[in-house]
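Following the numbering used here, the numbering of the sequence shown begins with 5 at its first residue and continues without gaps. Glycine included, every Cβ here is placed at the ideal spot set by N, Cα and C.
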Amino acid sequence: MLLLAFCWTIYFALHSLLATTWVKSAAARQFPRAVRFYRLAYNQVSVWGFLLILRYQTQLPATLFFAPGPLVLALGYALLALGVLVAVAALRGYDLAEFAGWAYVRRGPAAADGTLRVAGLNRLVRHPLYLGLLLGLAGFWLLAPSDVRSVFVGCNVAYILVGTRLEERKLFARFGAAYARYQARVPQLLPLKWRTTPPGNAPS
């Protein structure tokens with residue numbers, strides 16, 4: 005379990021490091037002609053690294069903490085399905101070509117969208133994609149509450165919580181006062197308070 009936790013920790017640390025502005029800027033200075041491929045390469049490293057560790061994880065013997073009964077299984081499937089639905093709905097608010105990196109390959113740095121997205125699920129929470137992932141992880145754990153899944157879910161949740169704070173800093177640095185108003189009006193991850201500003205007055 006310690007080796008598995010170490011692998012996920014290194015993976016998420018590298019994932020966060022490569023997403024920082026200063027690493028991107030350093031890569032752009034060092035390889036100016038290749039900077040348009042940075043996002044695409046970053047996603048490839050992320051996906052294949054994740055799948056590699058996940059493959060190792062599936063080969064480990066797992067010990068269940070308890071045998072989930074019908075109600076727990078039903079709750080697990082419901083949370084997993086809800087998490088997938090929320091994540092898919094959140095992704096619909098993104099430019100998927102930009103998200104995947106293909107837009108940068110075609111248009112370079114100019115492909116970056118300079119608008120603050122506050123429509124759709126972003127009216128309820130500031131990070132709906134992360135909310136979907138958290139819901140899905142909770143359901144995934146309930147379906148087979150084992151030591152192996154606990155390490156996987158725990159590392160993912162820790163990364164999401166830390167990554168959310170880092171992303172908040174980047175968004176505030178990018179959008180300034182507009183994002184500060186958005187922060188004051190919309191919860192971060194849990195839709196526990198209602199939006200008080202009419203949609204037409206949302207910051208942009």
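Assignment of L64 by DSSP, reduced to helix, strand and coil, places it in the coil class. Rounded to the nearest angstrom, the Cβ distance from T13 to C159 is 6 Å, consistent with a contact under 8 Å. Annotated as proximal: L128 and P191, with beta-carbon spacing under 9 Å.
Excluding the 5 residues flanking it on each side, S154 has same chain C-beta neighbours closer than 8 Å at F69 and W145, in chain order. Of the residues assessed, F10 falls on the exposed side of the cut-off, its CB having fewer than 16 other CB atoms within 10 angstroms. At least 9 Å separates the beta-carbon of L194 from that of I164. Across the structure, Q61 and R110 are spaced so that their CA atoms are roughly 36 Å apart. Inter-residue distance for L196 and L58 is about 33 Å (C-alpha atoms, whole angstroms). It is roughly 10 Å from the alpha-carbon of S20 to the alpha-carbon of E171. For the pair Y98 and F54, the CB atoms are not nearer than the 9 Å cut-off. Rounded to whole angstroms, V51 and L18 show a C-alpha spacing of 13 Å.
Around the beta carbon of F156, 16 or more other beta carbons lie within 10 angstroms, which makes this residue buried. For G87, the uninterrupted alpha helix (DSSP H) run begins and ends at P74 to L95, by DSSP. Comparing alpha-carbon positions, the option among G140, Q63, T67 and L22 lying closest to N47 turns out to be L22.
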